[in-house]
Structures are given as C-alpha cells and as structure tokens.
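In our numbering, the protein residues as written are 602 to 724. All remarks here apply to the structure that follows.
What follows is the structure, given as structure tokens:
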C-alpha cells in the first residue's frame, strides 16, 4: 500500500511540473541560430542605440556586416581577422538607418562600427 501511495505522489508531482512549465518555455531557452530568408546570424553586438551584426548567406557561404540604427556619419567596415590586417570595405551613412557591406569569404572577419557621435562596436 505504501508503494502505491508513493507512486501516486510521484505521478502527481510529475504532472504538476509538466503543467507548470509550458511547452514554449523550452523553445525560448534554447539558443538556436537565428535564420531569416537564407541568412543565418553569426554574431551580434548592441550598444549606443545600434546593433552590429554578421550574417551568413547560406546559399553561397559568404558573410556580410550590417549596422542597424545607424545615424548620419556612422561607418561600418569589414576586414580580415588576422595580420596583415586589411579592410575589405567601409560604408558611411548619409542618413540611412541600415548599413550593409558586400559579401566576403567566411574566414572570421573583423567587423567594426564607428559612430559619428563617438563610440564604436566591434568583433
């Protein structure tokens, strides 16, 4: 009889736990890469009211940098990760709030956002 009571208590506790944690909670805690229409987000850094991102084009395995929240005079650049350091491209905002570079080989490039009002983000 004691075994039946213990088993019933265990089942009730398990059922209560399952009800208390919604199925969507597991999905929100998993850190799956963000994918949008053929692009996968590889890196992101935020600050100064802006977001600096590195996106992978899954169709050709090339990457490009993106700066959202840009203001007039902000600069976005993408370049090599290692010595000799080379800047592949620099884009300057003329009022656009989104800046994008062209696509380059996925060799862990350095990405840098320098802001006209001061400050920078990089990885």
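Cβ atoms here follow ideal geometry from the backbone N, Cα and C, with glycine treated the same way. Bear in mind the structure is a predicted one, so any value in this text is a computation, not a measurement.
query: Three or more C-beta pairs closer than 8 Å, one from the region 658-672 and one from the region 636-648: is that the case here?; result: yes
query: Could you say which of 639, 653 and 708 lies nearest to residue 687 if we only look at CA atoms?; result: 708
query: Report the option in 684, 654, 661 and 697 whose CA atom is closest to the CA atom of residue 714.; result: 654
query: Applying the criterion that 16 or more other CB atoms from any shown protein chain within 10 Å of the CB defines a buried residue, is residue 604 buried or exposed?; result: Only weak support exists for where residue 604 lies, its pLDDT of 43 falling under 50; the value from the coordinates is given anyway. Residue 604 comes out exposed.
query: From 660, 675 and 662, pick the residue whose C-alpha is nearest to that of residue 697; which is it?; result: 675
query: Going by the beta-carbon positions, is the gap between residue 658 and residue 640 smaller than 7 Å?; result: yes
query: So which of 679, 710 and 685 has the shortest CA-CA distance to residue 692?; result: 679
query: I think residue 677 touches residue 643, with their Cβ atoms under 8 Å apart; what is that distance to the nearest whole Å?; result: Going by Cβ atoms, the distance from residue 677 to residue 643 rounds to 16 Å, so no, they are not a contact pair.
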